[in-house]
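All remarks here apply to the structure that follows.
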Amino acid sequence: MTRPTEVGPPGYTETLPCEPETARRARLLLSAALNTWGIAELVDPGALIVSELVGNAVRHTSCRLVQVSVRRVTDDLVRIGVTDKSHALPKMDPVAGGDETGRGLVLVDALSHRWGYDEMRCGKTVWAELVVPAC
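The opening position of the sequence shown corresponds to residue 31 in the numbering used here, with each subsequent residue numbered one higher.
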């Protein structure tokens with residue numbers, strides 16, 4: 031079930047199974063949040079970002095669940111995060127022209143203002159931030 035955050039900056043969070051189908055539900059959560067905040071122009075880049083972050087969790091961890099969050103950190107910044115219980119940290123490897131995989135974080139890096147991860151005692155959150163365009 032999607033829940034708005036009760037304290038702190040406005041946001042939405044949902045805990046979902048760590049499986050490929052979750053990317054679709056994560057895109058719906060992201061779209062609902064951005065449309066609610068009146069910044070639908072960020073839906074397309076945000077959807078690609080959240081899909082890649084969920085896909086990385088599915089491919090590179092053995093977690094059963096992930097938590098997807100979309101937060102309005104400031105008036106001009108949205109943070110998209112995917113939390114899992116794995117301690118394996120993301121890394122952006124160089125990709126050769128013929129490679130069929132490995133471009134996820136390159137794409138996240140290109141689409142976002144910045145991205146990173148926060149290590150926690152029970153895992154990590156990989157996040158990316160989008161700048162809200164001026165009116």
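Heads up, the beta-carbon is just placed ideally off N, CA and C, and yes, glycines get one too.
The structure displayed is predicted, hence computed values, not measured ones.
Query                                                                                          : Result
Whole-Å CB distance - Leu95 paired with Leu60, under 8 Å assumed                               : Not confirmed; about 18 Å, so no contact.
Sheet register partners of Leu160 (DSSP bridge)                                                : Val108
Option nearest Ala53 by Cα separation, candidates Gly41, Val73, Pro40, Val84                   : Val84
Gly146 in three-state terms, based on DSSP                                                     : strand
Distance between Gly146 and Ala62 (C-alpha atoms, nearest Å)                                   : 24 Å
Inter-residue Cα distance where the pair is Pro75 and Ser92                                    : 27 Å
Simplified DSSP assignment, three categories, for Glu82                                        : helix
Local Cβ density within 10 Å of Cys48, reported as buried at 16 or more and exposed below that : buried
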